[in-house]
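As they're listed, the protein sequences go chains A and B. The numbers in our numbering rise by one with no breaks, and the one at position 236 of the first sequence is 236. The numbers in our numbering rise by one with no breaks, and the one at position 179 of the second sequence is 179. Where is the CB? At the ideal position from N, CA and C, for every residue including glycine. Note sheet for the following structure.
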Amino acid sequence: MKPNRRVTPYLFLMPAMAVFGFAVLFPVIMTFAYSFTEWNGYGAMTFVGIDNYVRAAGDTIFRDSFTHVLIYIAATILLEVVVGLILAGLVSVKRRGSLWFRVAIFTPVMLPMVVVAVLWAFVYNNDFGLLNAALQNFGLEDLQRVWLGDTSTALLAVSVVSGWVYAGFYMTIFYAAFNQVPAEVIEAARLDGAGEWQLFRRVKVPMIRNAITVALLLCITGGFQGFDLFYVMTNGGPYGATEIPTTYLVKSVFTFGNVGYGSAMAVVLTAVVVGLGLIFTRVNREKPEGARR
Amino acid sequence: MSTPVRATRSVQSARRPAPNRSPIGRIPDLLFTLSLIAIAVVFFFPMLWMVFSSFKSNSAIFSTPFALPTEVDFSRWVEAWEIGHIGQYALNSAIVTGASVFGILLFGAAAAFAFSRYRFRGRNLLMGLLALGLLLPLQSYFIAQSTMFTQLAITDTRWALIIPYTAMGLPLAVYLLKVYLDALPDELFEAARIDGASDLRVFGSIALPLLRPGLATVAIFSALSSWNEFLLALLYIQDDALKTIPTGLLAFSSRYVTDYGLLFSALSIVTLPMIVIYIVFNKQIVEGITAGSVK
């Protein structure tokens, strides 16, 4: 369609581009610029070149934060994507009557992460928490822990909460994808004598490969951006065992006033997330379709 | 509380009787159903425990964590609602979410319309910039955004949340709405044009009404992400009167750390409406959230 006036398309675009430019694009550029300075947010700003990046490379807390987030991502791939896939497989065996099952599993996705985090801090509470109480009921007192206060379990404990929330989310994506698998294909496999498990492994899962790739992308890039659960449940503790990049850079900037250094870390994190996103889009050209259906 | 019971029943009654099977052959089927129920109960249990505990005293929470409450007494809920300012937080969340969703829908639809229906200079560049927004994490801009908002004295106003929530929602909204618009035939718009409709008219009376399903989808996932957003709300809003549910609840939980019954009541108050909303709109929500997951 031809516009009546040449400026018309730009007028339609202006509000969206203005808000997006103001609140996202401009700050992205400024964050990048800050990363080459030493600045506390209000005083004098000094240009320091790539010093902040050099510092980040040698900062063991920053490096450990990446190790932690990688462990967290590995755990969530298992607890969210793999569990989600298995749940979707179970539900899709019998399609009818599964609504209530899906309601029970999906509800946590709707809740604010803060609510989830506060609730689970109670589940893990060592005085009256559900988990320790359950262990006691089954006579497994030996396994009782101060789950969030123990350096060896805290990171895993947070990952489990993330799994509790998102397993239902991925189940929903996979369930929708399974429903797209043509009925004839399933029937044909059944006639050839495939059992439910073989059907799942050899037919259904391979046919939703696209959806699985998208889910992995979401889980990995989402994992790098994790914050809410960590901030509320442990805020990096105990002894830095759950410090992840975002909790660390929020502390650096907003507690210690190192805007320049925090920005450099933010740039590194952004490069990782955007880089992974681009690689995945390359690998999986039809990415949007996979997730939407 | 009746939820899992009903879940159990509907899962069972929906089971098709397997033809040509002996009673023994049905055992795996029954086991299968039972295991589904068991999984659902395990998943749902923390929420049940939350609601049960909200009716209990501190000592009962400690001594009998698995027991049903002895009485269903909503007085703690009322107390949490009043002294916890939960009504105020919910109102703030509603205002911020409403304004952001409105902005995302209106600006997003206008931009999608321009990208889909017109060919103009700079189109690819501008689309590319917006597409970048699908990949960029919050961490890439929130530091500079916060210093900017401080200098412009936007922090501690509702705008400090409405503006970024709108900006964050736009890329995906434009992308999805453009897909919807691209699917519409050109003749529709040309015909209106021949009848003398202005560009604004074509947008308002042809594009927007046809976009309604797309707008509904976008509204759902934008609303959920604004309602639940935490990091920016934590950084930009210190004034308790302006806090949204996530930050408000956090402030509340650090104020009443040891009054567990009260905290469980507050959590329940925030959680139950979401469950009800999900049960009522589950089709649309699932569609909206999975569409939103493109990001």
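So which residues on chain A does residue i lean against when the C-beta distance must stay under 9 Å?
i, result
"residue 259 of chain B", "Residues of chain A passing the Cβ test: none, with the nearest at roughly 12 Å."
"residue 280 of chain B", "Per Cβ cutoff of 9 Å: no residues; residue 280 of chain B is ~11 Å from chain A at best."
"residue 118 of chain B", "1, 2, 3, 8, 9 and 12"
"residue 51 of chain B", "Those within 9 Å of residue 51 of chain B in chain A number zero; the least Cβ separation is about 11 Å."
Pick helix, strand or coil for residue i, following the three-state DSSP scheme.
i, result
"residue 187 of chain A", "helix"
"residue 93 of chain B", "helix"
"residue 13 of chain A", "helix"
"residue 38 of chain A", "strand"
"residue 242 of chain A", "coil"
"residue 258 of chain B", "coil"
"residue 280 of chain A", "helix"
"residue 221 of chain A", "helix"
"residue 70 of chain B", "coil"
"residue 122 of chain A", "helix"
"residue 8 of chain A", "helix"
"residue 288 of chain B", "helix"
"residue 352 of chain A", "No information on residue 352 of chain A is available, as it lies outside the stretch 1 to 293 that chain A covers here."
"residue 54 of chain A", "helix"
"residue 102 of chain A", "helix"
Can you tell me whether residue i is buried or exposed, with buried defined as 16 or more other CB within 10 angstroms of its CB?
i, result
"residue 289 of chain B", "buried"
"residue 180 of chain A", "exposed"
"residue 117 of chain B", "buried"
"residue 104 of chain B", "buried"
"residue 9 of chain A", "buried"
"residue 54 of chain A", "exposed"
"residue 76 of chain A", "buried"
"residue 259 of chain A", "buried"
"residue 200 of chain B", "exposed"
"residue 82 of chain B", "exposed"
"residue 108 of chain A", "buried"
"residue 102 of chain A", "buried"
"residue 277 of chain A", "buried"
"residue 169 of chain B", "buried"
Quick check on residue i - is its C-beta less than 8 Å from some C-beta in chain E?
i, result
"residue 239 of chain B", "Checking the listed chains, one finds no chain E in this structure; the protein chains it contains are A and B."
Note down, in chain order, every chain B residue with its Cβ under 8 Å from the Cβ of residue i.
i, result
"residue 113 of chain A", "228, 230 and 246"
"residue 263 of chain A", "143 and 144"
"residue 118 of chain A", "249, 250, 253, 263 and 267"
Expressed to the nearest angstrom, what Euclidean distance is found between the alpha-carbon atoms of residue i and residue j?
i, j, result
"residue 186 of chain B", "residue 108 of chain B", "20 Å"
"residue 269 of chain B", "residue 40 of chain B", "22 Å"
"residue 105 of chain A", "residue 20 of chain A", "35 Å"
"residue 123 of chain B", "residue 140 of chain B", "24 Å"
"residue 65 of chain A", "residue 56 of chain A", "11 Å"
"residue 261 of chain B", "residue 138 of chain A", "26 Å"
"residue 161 of chain B", "residue 106 of chain B", "18 Å"
"residue 163 of chain A", "residue 116 of chain A", "12 Å"
"residue 5 of chain A", "residue 11 of chain A", "10 Å"
"residue 60 of chain B", "residue 215 of chain B", "48 Å"
"residue 230 of chain A", "residue 186 of chain A", "42 Å"
"residue 241 of chain B", "residue 230 of chain B", "16 Å"
"residue 130 of chain A", "residue 13 of chain A", "52 Å"
"residue 119 of chain A", "residue 50 of chain B", "7 Å"
"residue 193 of chain A", "residue 86 of chain A", "21 Å"
"residue 21 of chain B", "residue 74 of chain B", "Model confidence at residue 21 of chain B stands at a pLDDT of 46, short of 50, so the residue's coordinates are unreliable; what they give is reported in the following sentence. So the two alpha carbons sit approximately 50 Å from each other."
"residue 291 of chain A", "residue 115 of chain B", "Because the pLDDT at residue 291 of chain A is just 43, under 50, the model does not fix this residue reliably, and the point stays unresolved."
"residue 39 of chain A", "residue 50 of chain A", "14 Å"
"residue 53 of chain B", "residue 236 of chain A", "28 Å"
"residue 197 of chain B", "residue 42 of chain A", "52 Å"
"residue 17 of chain B", "residue 272 of chain B", "Note that residue 17 of chain B scores a pLDDT of 45, beneath 50, so its modelled location is shaky; the value from the coordinates is reported in the next line. Distance between the alpha carbons of residue 17 of chain B and residue 272 of chain B is about 35 Å."
"residue 155 of chain B", "residue 198 of chain A", "57 Å"
"residue 255 of chain B", "residue 241 of chain A", "26 Å"
"residue 46 of chain A", "residue 37 of chain A", "5 Å"
Under 7 Å: does the beta carbon of residue i sit that close to some heavy atom of the ligand NAD?
i, result
"residue 167 of chain B", "With respect to small molecules bound, the structure shown includes none, and the ligand NAD cannot be examined in it."
Kindly list, in the order they appear in chain A, the residues whose Cβ is closer than 7 Å to that of residue i.
i, result
"residue 198 of chain B", "4"
"residue 133 of chain B", "20 and 24"
"residue 61 of chain B", "128"
"residue 48 of chain B", "Simply none; closest approach about 10 Å."
At a CB-CB cut-off below 9 Å, which residues of chain B make contact with residue i?
i, result
"residue 34 of chain A", "143, 144 and 147"
Name the chain B residues that come within less than 7 Å of residue i, Cβ to Cβ?
i, result
"residue 105 of chain A", "40 and 43"
"residue 85 of chain A", "Those within 7 Å of residue 85 of chain A in chain B number zero; the least Cβ separation is about 14 Å."
Any contact of the segment 66-81 of chain B with the segment 140-151 of chain B, i.e. 3+ C-beta pairs under 8 Å?
-> no
Take every Cβ of the segment 232-250 of chain A, pair it with every Cβ of the segment 263-270 of chain A, and state whether three or more of those distances are shorter than 8 Å.
-> Taking 8 Å as the limit for Cβ pairs, the verdict is that the segment 263-270 of chain A does touch the segment 232-250 of chain A.
Should the segment 204-216 of chain A be called in touch with the segment 30-39 of chain A, which here means at least 3 C-beta pairs below 8 Å?
-> no
Does the count of Cβ pairs from the segment 62-79 of chain A and the segment 149-162 of chain A closer than 8 Å reach three?
-> yes
Kindly confirm or deny that the segment 56-71 of chain B and the segment 154-173 of chain B touch, where touching means at least three C-beta pairs closer than 8 Å.
-> no
When the Cβ atoms of the segment 128-139 of chain B are set against those of the segment 233-251 of chain B, are three or more pairs found closer than 8 Å?
-> no
Would the segment 131-151 of chain A and the segment 212-230 of chain A be scored as touching if the rule is three or more Cβ pairs under 8 Å?
-> Contact fails: fewer than three Cβ-Cβ distances are below 8 Å.
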